[in-house]
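Numbering (this note's numbering) for the sequence shown: 2 to 205.
Data first, discussion second: the structure below is written as structure tokens.
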Amino acid sequence: MSGSYAPPVQRLVGELSKLPGIGSRSAQRLAFHILRASADDADALADAIREVKEKIGLCEVCFNLTDEPRCRICQDPRRDHGLICAVEEPSDVIPMERTHEYHGVYHVLGGALSPIDGVDPEDLKIAELLARVASTEQPVREVVLATNPTTTGEATALYIAEELRARAPEVTVTRLASGLPVGSDLEYADEVTLGKALAGRRAV
Numbered sequence: 002m003s004g005s006y007a008p009p010v011q012r013l014v015g016e017l018s019k020l021p022g023i024g025s026r027s028a029q030r031l032a033f034h035i036l037r038a039s040a041d042d043a044d045a046l047a048d049a050i051r052e053v054k055e056k057i058g059l060c061e062v063c064f065n066l067t068d069e070p071r072c073r074i075c076q077d078p079r080r081d082h083g084l085i086c087a088v089e090e091p092s093d094v095i096p097m098e099r100t101h102e103y104h105g106v107y108h109v110l111g112g113a114l115s116p117i118d119g120v121d122p123e124d125l126k127i128a129e130l131l132a133r134v135a136s137t138e139q140p141v142r143e144v145v146l147a148t149n150p151t152t153t154g155e156a157t158a159l160y161i162a163e164e165l166r167a168r169a170p171e172v173t174v175t176r177l178a179s180g181l182p183v184g185s186d187l188e189y190a191d192e193v194t195l196g197k198a199l200a201g202r203r204a205v
């Protein structure tokens with residue numbers, strides 16, 4: 002970055018550029034936006050960052066983000082606790098909730114299996130998921146594997162499915178359907194997406 006900026010500005014731009022999806026130009030725009038903001042707005046942003054780092058941790062049951070021992074979803078008696086949806090990251094819970102179609106609870110794995118990157122089963126919350134399924138406190142009848150439709154996500158789903166079949170054969174294991182998005186044209190679909198849609202076809 003240009004040395005014409007004062008060191009505090011350079012530092013701010015440098016820190017902002019560490020955020021995902023933020024390049025040097027975007028970091029500069031954000032930095033100047035913060036500089037133009039009122040002192041109250043800048044303090045509110047700094048306080049929000051400080052508070053989230055101090056108060057937010059992982060739910061002791063599902064490992065979603067929470068400011069209490071258990072997250073609000075795990076505490077909600079209206080949720081179906083016999084239905085668990087396993088996702089890779091806490092951010093994956095948000096789109097699932099937006100559908101308003103899912104009324105069970107979650108289990109955040111903390112990533113996906115990737116031996117190349119040194120991510121093995123013991124590095125994820127897989128053992129904790131298996132323990133939840135085996136627990137008699139909240140009988141589980143179905144586990145929905147909602148890992149991403151990537152190589153690592155598929156490998157993770159396959160591994161968990163095999164472990165669940167071996168340890169809890171009475172529990173139904175399902176996988177999110179994948180295929181063509183609504184409103185898309187066949188001519189623009191790639192072979193993998195179209196193949197998934199064909200394999201997952203259903204009667205109408």
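By construction, the Cβ of each residue, glycine as well, lies at the ideal position given by its N, Cα and C atoms.
By DSSP, does residue i sit in helix, in strand, or in coil?
i	result
residue 86	strand
residue 129	helix
residue 67	strand
residue 42	helix
residue 53	helix
residue 48	helix
residue 94	helix
How many Å lie between residue i and residue j at the Cα?
i	j	result
residue 27	residue 14	9 angstroms
residue 23	residue 17	7 angstroms
residue 21	residue 175	32 angstroms
residue 182	residue 191	12 angstroms
residue 49	residue 66	15 angstroms
residue 97	residue 64	16 angstroms
residue 47	residue 31	14 angstroms
residue 76	residue 5	53 angstroms
residue 114	residue 34	39 angstroms
residue 38	residue 118	41 angstroms
residue 101	residue 10	43 angstroms
residue 25	residue 78	46 angstroms
residue 112	residue 170	25 angstroms
Does the distance from the C-beta atom of residue i to that of residue j stay below 8 angstroms?
i	j	result
residue 134	residue 145	no
residue 87	residue 104	no
residue 106	residue 71	no
residue 179	residue 150	yes
residue 131	residue 164	yes
residue 93	residue 156	no
residue 143	residue 173	yes
residue 110	residue 127	yes
residue 82	residue 139	yes
Please list the terminal residues of the continuous beta strand (DSSP E) segment that includes residue i.
i	result
residue 175	173 to 176
residue 163	Counting along the chain, residue 163 falls outside any beta strand (DSSP E), though it belongs to the alpha helix (DSSP H) covering 152 to 168.
residue 105	105 to 109
residue 145	143 to 146
Along the alpha helix (DSSP H) that carries residue i, what are the first and last residues, could you check?
i	result
residue 192	192 to 200
residue 188	It is not in any alpha helix (DSSP H) - residue 188 carries neither H nor E in the DSSP assignment.
residue 116	Per DSSP, residue 116 belongs to no alpha helix (DSSP H) and is neither H nor E.
residue 78	It is not in any alpha helix (DSSP H) - residue 78 carries neither H nor E in the DSSP assignment.
residue 23	That residue, residue 23, is in no alpha helix (DSSP H); it is neither H nor E in DSSP.
Would you say the segment 76 to 91 touches the segment 33 to 51, given that touching needs at least three Cβ pairs under 8 angstroms?
no
Contact the segment 185 to 200 vs the segment 159 to 170: 3+ CB pairs below 8 angstroms
no
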